[in-house]
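The letter at position 47 of the sequence shown is residue 46 when you use numbering that gives the first Met the number 0, and the numbering goes up by one with no holes.
Comments concern the structure below.
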Amino acid sequence: MAPDTPDRILRIKTVLERTGLSRSTLYRKIQNGSFPKQIAISTRCAGWRESAIKDWMRNPMFYSVNDPQ
Numbered sequence: 000m001a002p003d004t005p006d007r008i009l010r011i012k013t014v015l016e017r018t019g020l021s022r023s024t025l026y027r028k029i030q031n032g033s034f035p036k037q038i039a040i041s042t043r044c045a046g047w048r049e050s051a052i053k054d055w056m057r058n059p060m061f062y063s064v065n066d067p068q
């Protein structure tokens, strides 16, 4: 990603399509720290940074969350 390109926020449908994970597996991985945590967009809306999903996809077996939010 180019430095001047803004980081997009991906919704769950897109994250599931890109990763091939099921919804339950995705949330289980978030809980045990092996998948990026979602960020709040509004009161009832959350998403994931595209850069975080790309980082996970580079090495999903050994990914760990560095910065708990």
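Glycine included, C-beta positions come from ideal geometry on N, C-alpha and C.
Since we're looking at a predicted model, the values are computed, not measured.
Residues in the same chain with beta-carbon distance under 7 Å from residue 33, minus the five sequence neighbours each way, listed in chain order, please.
As a working note, residue 33 is residue 34 in the sequence shown. Around residue 33: 62 and 63.
Residue 18 and residue 56 look like a contact to me (Cβ under 8 Å); what is the Cβ gap, rounded to whole Å?
By one-based count along the sequence shown, residue 18 stands at place 19. By one-based count along the sequence shown, residue 56 stands at place 57. Right, their Cβ atoms sit about 7 Å apart.
Can you tell me whether residue 63 is helix, strand or coil according to DSSP?
Your numbering for residue 63 matches position 64 in the sequence shown. Note: residue 63 maps to coil in three-state DSSP.
Taking the beta strand (DSSP E) that residue 41 belongs to, which residues open and close that run?
The residue you call residue 41 lines up with position 42 of the sequence shown. Segment 38-41, the beta strand (DSSP E) holding residue 41.
With a threshold of 16 other CB atoms inside 10 Å of the CB of residue 40, please say whether the residue is buried or exposed.
Looking up residue 40 in the sequence shown gives position 41. Exposed, since its Cβ has fewer than 16 Cβ neighbours within 10 Å.
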